[in-house]
Amino acid sequence: MSVCVHRVSTLDHYRQYLTKNPEFTLRVFIFYNILFLVT
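Using my numbering, the letters of the sequence shown correspond one by one to residues 161 to 199.
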């Protein structure tokens, strides 16, 4: 139960971080797309 709550709070923390850094989100998104294309 507490593990699930911790996971949700971590996701919320990441969401706040990503909304503050949209360029970082875009960079990660492009990076994963390149990885997906390579494999």
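Ideal placement from N, C-alpha and C gives every residue a C-beta, glycine not left out.
Own chain residues within Cβ distance below 7 Å of residue i, not counting five before or after
| i | result |
| --- | --- |
| T185 | L178 |
Cut-off 6 Å between Cβ atoms - residues of its own chain near residue i, not counting five sequence neighbours on either side
| i | result |
| --- | --- |
| V198 | none |
| L171 | none |
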